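If you're matching them up, the sequences are chains Y and L in order.
The first sequence runs 1 to 500 under the numbering used here.
The second sequence runs 1001 to 1298 under the numbering used here.
I have placed the structure first, in the form of structure tokens, so that the comments after it can refer back to it.
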Amino acid sequence: MSAQDILSAPWRANRPSTAWQGLVLLVLAVWGATAAGIFMDHSDCWAVCTFVAGFFLALLWAFVMSNMVLLAIDARQLRVPALERGLMSVMFFYGVACVALSTALLGFFFGHFAAIAILIALFCVGGLLFALLPRFVVTPLFLLPAALNAIPFHVALPGPLSPDFVHWWTPVALGLCVLTLWCWHRLVHAADPYAMGWGRPLVMLFRGGGQTGGWNPWTGYLDRAADSVERLRDSPDWIRGRADLGECGPGQSVTSLRMALGGVFMPQTVLSVLRRIALVLVPFLCYVALMELGHDRRHPVQTWQDLWHDGALLTLVLVGAFGGMTLAMVSLTQLWQRWAKVNGELSLLALLPGLGRNVKSNLVSATLRPTLRLQILLLAFLLALAFYLHLSIQTTMFVLLGQLGAAGFAVAFSLLIIGGRLPGRWSIAGVAVFGCILICISLFVPTLSDPAAITLGPFSLRAALLAGWLVLSLILSRLARRGWLGLQQRPHPFLPTSQA
Amino acid sequence: MSAVRQERDVSVIAPLAVRQLVHCYEGSNVLTGVDLSLQPGSVLGLIGRNGAGKSTLIRAMLGLLEPLSGSASVFGEPALKLSDTSKARLAYVPQQPEALAWLTAQQMLDYVGRFYPRWDASFANNTLQRWQIQPNKLLAKLSPGERQRVDLIRALASQPELLVLDEPAAALDPVARRELLREIALRAGESGTTVLFSTHIVSDLERVASEVAFLHQGKLLMHCTVDETKERYGRLWIPGQISYAAPTRSLSWRRHDDGSLSLVVERDTNGAWPEAANLSGARVDAMGLEDLFVEIAE
Chain Y
1 MSAQDILSAP WRANRPSTAW QGLVLLVLAV WGATAAGIFM DHSDCWAVCT FVAGFFLALL
61 WAFVMSNMVL LAIDARQLRV PALERGLMSV MFFYGVACVA LSTALLGFFF GHFAAIAILI
121 ALFCVGGLLF ALLPRFVVTP LFLLPAALNA IPFHVALPGP LSPDFVHWWT PVALGLCVLT
181 LWCWHRLVHA ADPYAMGWGR PLVMLFRGGG QTGGWNPWTG YLDRAADSVE RLRDSPDWIR
241 GRADLGECGP GQSVTSLRMA LGGVFMPQTV LSVLRRIALV LVPFLCYVAL MELGHDRRHP
301 VQTWQDLWHD GALLTLVLVG AFGGMTLAMV SLTQLWQRWA KVNGELSLLA LLPGLGRNVK
361 SNLVSATLRP TLRLQILLLA FLLALAFYLH LSIQTTMFVL LGQLGAAGFA VAFSLLIIGG
421 RLPGRWSIAG VAVFGCILIC ISLFVPTLSD PAAITLGPFS LRAALLAGWL VLSLILSRLA
481 RRGWLGLQQR PHPFLPTSQA
Chain L
1001 MSAVRQERDV SVIAPLAVRQ LVHCYEGSNV LTGVDLSLQP GSVLGLIGRN GAGKSTLIRA
1061 MLGLLEPLSG SASVFGEPAL KLSDTSKARL AYVPQQPEAL AWLTAQQMLD YVGRFYPRWD
1121 ASFANNTLQR WQIQPNKLLA KLSPGERQRV DLIRALASQP ELLVLDEPAA ALDPVARREL
1181 LREIALRAGE SGTTVLFSTH IVSDLERVAS EVAFLHQGKL LMHCTVDETK ERYGRLWIPG
1241 QISYAAPTRS LSWRRHDDGS LSLVVERDTN GAWPEAANLS GARVDAMGLE DLFVEIAE
């Protein structure tokens, strides 16, 4: 490989949109570190700057540079060994360049060359490993922060400000490099790397049949989202839901439609539901246990009540901000996949007798009921947390609005999909971004401070938020009406939907 | 008396018919004014190259897409607004079926079977066993060939009067393909099932189809019985020096290096070849179905 090939390899190995995202991450790493350096004036600010830069570099290696392994796999499958070897050189070159340049820049201002180099190397290798490790290893890693929190009583790991930091973490960084090489080798030399099931790493999750290239905020995400069939093929049997066919049939139109829609809509057996609840609860309980283990012993003065209060507040903010939208996104993705595929469920349902005369309203019920049921459960959970935390009525109202907003998204876009009236991609992106920002601000700000006290020009933040919610509710109502009218005008609801 | 007339009227209604069907995708025409009708009990093979519009035509005929213009009817009803009675009388297998991947083969057949009044559960179970498909295996985890066979079982077990298959043999091995063709012939011969199937494989078509329709670039170039194709169409060869006399209407037209012309021509209503066939040096050769398909499609 020539020097030019090595330099341009990441650009060529990624879709242009991903390569641009990589550049943005690089810029953010530089800006973030600079901003941290400017606004912090204490002696330890070098560590903060390195952490900020390292965070964005970790994202770069996890989501952009990791894609090089896909090219290496293709090179091996197509029997092009020169390219396969060349890609190793590219990774080595960019790895060294990343660490060396970051260390030189940060070290120039702050010194601490060795510690910065080790920290940056850990971030880069960590990001790459996150993308290359099997999923069954990566998933429990989300408990790592809590586990690390619990560790200090048993092993005292030195932090970056400790003089022992370099001695301790250099072997760790080298070990992670070896592990990365092993992961790379394992993937490239696998007979069928895309059929590893639960062992398939994250970097390969979004590489499915739906890759159409280009980027757009709605179908771009949905195209990259793993197709439900593909995901089922990869999942181990114990993780998938078991269908309950008991109440399906000509007299049970809504249940039958839910069965045909699959995924989050599918009626499941009691055992299957319990198993899925356990899948969520067990990691959560592990997290709580680890938090208790670490928190209580390190700060013996704090009581269980303090721990629960902090944990509950964090859960309220994170689940409130992202839980509802994630639920809406999951159900909408599945619905979109059903209505975009012509050889799937649509043709079967269109020609299935016995779905009843009110098939359109039954379909609306089948698509909205499971999603809204989950949204209501989530809302009840959040309200219970708000009650436990003794939040003010105003804050509770914003929590409520956040969940109603997510439910509104689910309703409006479900109707648009089944009504065949999806608007243009940029309109969807605009509404989605506006809604997400509004929900996040509505959750984060009131729980941390009083929005009435924060002013935006002549208005308080509270007034601005309420105005934002009014606008969002008007937009969502309009979209829902458009979808509903589209559905009524369709000769039958099982016609494929394409985007405007 | 009126009941007898009504019964006769019902019996002559075409199970599947389209008139002046037009459809396009992203600005390019896929179907340009297609007229096609199936006679009850016939087995129509729809043939055409990739991208000719076969799947789109089939989907429009069954009301699975809304055409830009034209009409489609199934058992006399508008295809886009079928009654449950008509739906129960037809079965369709798409190309590369992917429906209900989250169910096992047995669950899928059990689920679908509940909706069909004439569902033959024993046929479904026996055929699953005969075709060596594990009933408890998830559909998502079956091979494309197995998946297609499960969908064929689903279609056949409903005992349809109209069976529509889009490239049914595409993913099947030769043994399964032969078995499917036998099943189609059996259904058509014994139960009078009307069958429409699209294919690239001309030998399959010759084996079971009673009629053939050739779709090319969104147009239906011919529709006749399989036997008729040999009688009705021929390759007219005209030497270079009299090539000016070539008929203006032909299904295909090709000039050779020596200046001579080869054309696929059709007999007129009186059964005569075009006049150029009688010129000295010109000749008409009989053509097999595959030759005819290749000549027209090239």
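All C-beta atoms, glycine included, are put in the ideal place defined by N, C-alpha and C.
These numbers were taken from a predicted model, which means no experiment stands behind them.
query, result
"Span of the alpha helix (DSSP H) around Asn1126 of chain L", "Ala1121 to Arg1130"
"Other residues of its chain near Gly213 of chain Y: CB distance less than 7 Å, five sequence neighbours each side excluded", "Any reading at Gly213 of chain Y must be qualified, since the residue scores a pLDDT of 37, below 50, and its modelled position is unreliable; the value itself is stated next. Once the five neighbours on either side are set aside, the close Cβ partners of Gly213 of chain Y are Arg15."
"7 Å Cβ cutoff, Lys1137 of chain L in contact with chain Y", "no"
"Buried versus exposed, by CB contacts within 10 Å (16 or more), Ala289 of chain Y", "exposed"
"Spatially closest choice to Gln1241 of chain L from L:Ile1296, L:Leu1279 and L:Cys1224, by CA coordinates", "L:Leu1279"
"Test item: CB-CB of Arg1235 of chain L and Asp1285 of chain L under 7 Å", "yes"
"Contacting residues, own chain, Cβ-Cβ under 6 Å from Ala62 of chain Y (five flanking each side not counted)", "Gly127, Phe130 and Ala131"
"Arg1118 of chain L versus Leu1156 of chain L: straight-line alpha-carbon distance, rounded", "11 Å"
"Interface residues of chain L facing Lys341 of chain Y [CB-CB closer than 7 Å]", "Glu1098"
"Nearest neighbour of Val1294 of chain L, chosen from L:Ile1153, L:Val1265 and L:Gly1048 [CA to CA]", "L:Gly1048"
"Residue-chain proximity (Glu247 of chain Y, chain L), Cβ-Cβ < 7 Å", "no"
"Ala1017 of chain L at chain Y interface by Cβ criterion, 7 Å", "no"
"Cys248 of chain Y in three-state terms, based on DSSP", "coil"
"N-terminal and C-terminal residue of the alpha helix (DSSP H) that Tyr1111 of chain L is part of", "Ala1105 to Gly1113"
"Other residues of its chain near Ala278 of chain Y: CB distance less than 8 Å, five sequence neighbours each side excluded", "none"
"Pro267 of chain Y classed as buried or exposed, judged by whether at least 16 other C-beta atoms fall within 10 angstroms", "buried"
"Proximity to Asn1029 of chain L [Cα-Cα], best of L:Lys1081, L:Leu1064, L:Ser1069 and L:Pro1094", "L:Ser1069"
"Beta-carbon separation (whole angstroms), Gly262 of chain Y vs Trp1102 of chain L, contact threshold 8 Å", "4 Å"
"Beta-carbon gap between Asn1208 of chain L and Val1043 of chain L smaller than 7 Å", "Note on identity: in this sequence residue 1208 of chain L is Val, with Asn being the wrong assignment. A contact, by the Cβ cut-off of 7 Å."
"Nearest to Trp484 of chain Y (by Cα), restricted to the options Y:Leu416, Y:Val431 and Y:Val471", "Y:Leu416"
"Pair within 7 Å by beta-carbon distance, Glu1206 of chain L and Leu1289 of chain L", "yes"
"Residues near Val1195 of chain L by beta carbon distance below 6 Å, same chain, minus five either side", "Val1043, Leu1163, Ile1184 and Ala1188"
"Alpha helix (DSSP H) runs wholly inside the stretch 1003 to 1085 of chain L, at least 4 long, in chain order", "1054 to 1061"
"Opening and closing residue of the beta strand (DSSP E) in which Lys1219 of chain L lies", "Lys1219 to Thr1225"
"Minimum C-alpha distance to Leu1090 of chain L - residue among L:Ser1073, L:Gln1106, L:Glu1098 and L:Arg1019", "L:Ser1073"
"Gly486 of chain Y at chain L interface by Cβ criterion, 7 Å", "no"
"Stretch pair the stretch 1091 to 1099 of chain L + the stretch 363 to 378 of chain Y: three plus CB contacts closer than 8 Å", "no"
"In chain order, each beta strand (DSSP E) run of at least 3 residues that lies wholly inside the stretch 1152 to 1201 of chain L", "1162 to 1166 and 1194 to 1199"
"Contact list for Val229 of chain Y against chain L, beta-carbon separation under 9 Å", "Glu1098, Ala1101, Trp1102, Leu1139 and Ala1140"
"For Glu1266 of chain L, the three-state DSSP class (helix, strand or coil)", "strand"
"Pro160 of chain Y - DSSP class collapsed to helix/strand/coil", "coil"
"Three-state class that DSSP yields for Glu1298 of chain L in the structure shown", "coil"
"Ala1099 of chain L and Pro1135 of chain L closer than 7 Å at C-beta", "no"
"For Ile1238 of chain L and Gly1281 of chain L, the rounded distance between their alpha carbons", "7 Å"
"Assigned exposure category for Asn358 of chain Y - 16 Cβ within 10 Å defines buried", "exposed"
"Beta-carbon proximity check, Ala114 of chain Y vs Val80 of chain Y, cutoff 7 Å", "no"
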